[in-house]
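Asks: This is the structure I have questions about; it appears just below.
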Amino acid sequence: MGFPSPASDYVESRIDLNKVCNCTGPASRLYIAERYHGKHINSGTMLLIDPAIKPVDGNLLLAQINGEMDVWRLVTILRRGLESLADKNVFIEFGEAFTDDELVIEGVVTHIIYDARNDVFDDTPCI
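Read in order, the letters of the sequence shown correspond to residues 10 to 136 in the working numbering.
See below:
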């Protein structure tokens, strides 16, 4: 007679990305970047967007401006508006005249998923 194995209750289960990313609502969706949007968001990068989350200062937002999708950082402290990730000099102040068709906030970027096959992943960074 021996001790029971601690692995006797182990049951292998698949990884559920909906649980990992907390995608509880049907509104969550993936957006695949078609071009460079700023630091670390290159063409082919997948963004998980949740329009049900209320954005706060510093959140990344997927916005459609004049029909073109882009990723912006929400700024509400000291100045209020959207800051471009690609060019820090580009800033859209809230209060500028936009109609509903010109500026549409698609949602908050909750996760950024990279393609690890493109040889940019460095598992041994130098310090």
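C-beta: ideal position from N, C-alpha, C; glycine also.
Is it the case that the Cβ atoms of A72 and I114 are separated by a distance below 7 Å?
Replies: Locating residue 72 in the sequence shown gives position 63, counting from the first residue. Locating residue 114 in the sequence shown gives position 105, counting from the first residue. Result yes, Cβ atoms of A72 and I114 sit closer than 7 Å.
Asks: Determine which residues share a DSSP beta bridge with D79 and list them.
Replies: Start at 1 with the first residue of the sequence shown, and residue 79 comes out as number 70. BP columns for D79 point to A72.
Asks: Which ranges would you report for the beta strand (DSSP E) in the region 90-125 if only whole runs of at least 3 residues count?
Replies: With a minimum length of 3 residues, the continuous beta strand (DSSP E) runs that stay inside the region 90-125 are 90-93, 100-102 and 112-122.
Asks: For L94, which residues of its own chain have a beta-carbon under 8 Å away from its beta-carbon, when the five flanking residues on both sides are left out?
Replies: Along the sequence shown, read from residue 1 onward, the residue named residue 94 stands at position 85. Excluding residues within five positions, the ones whose Cβ falls inside 8 Å are H46, G47, K48, I50, L69, V80, W81 and R82.
Asks: Straight-line CA distance for H98 to L91?
Replies: Reading the sequence shown from its first residue, position 89 is the one you call residue 98. Reading the sequence shown from its first residue, position 82 is the one you call residue 91. First, the amino acid is wrong: residue 98 is Asn here, not His. For N98 and L91, the distance between alpha carbons rounds to 11 Å.
Asks: Bridge partners of Y40, per DSSP?
Replies: Along the sequence shown, one-based indexing puts residue 40 at 31. Note: Y40 sits in a beta bridge opposite L56.
Asks: Going by the beta-carbon positions, is the gap between R89 and F100 smaller than 7 Å?
Replies: Here residue 89 refers to the residue found at position 80 of the sequence shown. Here residue 100 refers to the residue found at position 91 of the sequence shown. No. Outside cutoff.
Asks: Roughly how far, in whole angstroms, is the beta-carbon of T119 from the beta-carbon of L57, given that I think they are within contact range, below 8 Å?
Replies: Within the sequence shown, the letter at position 110 stands for residue 119. Within the sequence shown, the letter at position 48 stands for residue 57. Indeed, because the Cβ distance is near 5 Å, the residues count as touching under 8 Å.
Asks: Kindly list the residues whose CB is nearer than 6 Å to the CB of I74, restricted to its own chain and excluding five residues on each side of it in sequence; keep chain order.
Replies: Start at 1 with the first residue of the sequence shown, and residue 74 comes out as number 65. Correct list, in chain order: L112.
Asks: Report all residues from its chain with a CB closer than 7 Å to the CB of A36; omit the five preceding and five following residues, and keep chain order.
Replies: Along the sequence shown, read from residue 1 onward, the residue named residue 36 stands at position 27. These residues qualify, in order along the chain: D59, P60 and A61.
Asks: Pick from D18, E77, P15 and S22: whose alpha carbon is nearest that of E43?
Replies: Numbered from its first residue, the sequence shown carries residue 43 at position 34. Minimum Cα distance to E43 is reached at E77.
Asks: Does the beta-carbon distance from V20 to P64 come in below 7 Å?
Replies: Here residue 20 refers to the residue found at position 11 of the sequence shown. Here residue 64 refers to the residue found at position 55 of the sequence shown. Going by C-beta atoms, V20 is not nearer than 7 Å to P64.
Asks: Compute every distance between the C-beta of V117 and the non-hydrogen atoms of the ligand FMN, then say whether any falls below 6 Å.
Replies: Although the ligand FMN was asked about, the structure shown includes no ligands whatsoever.
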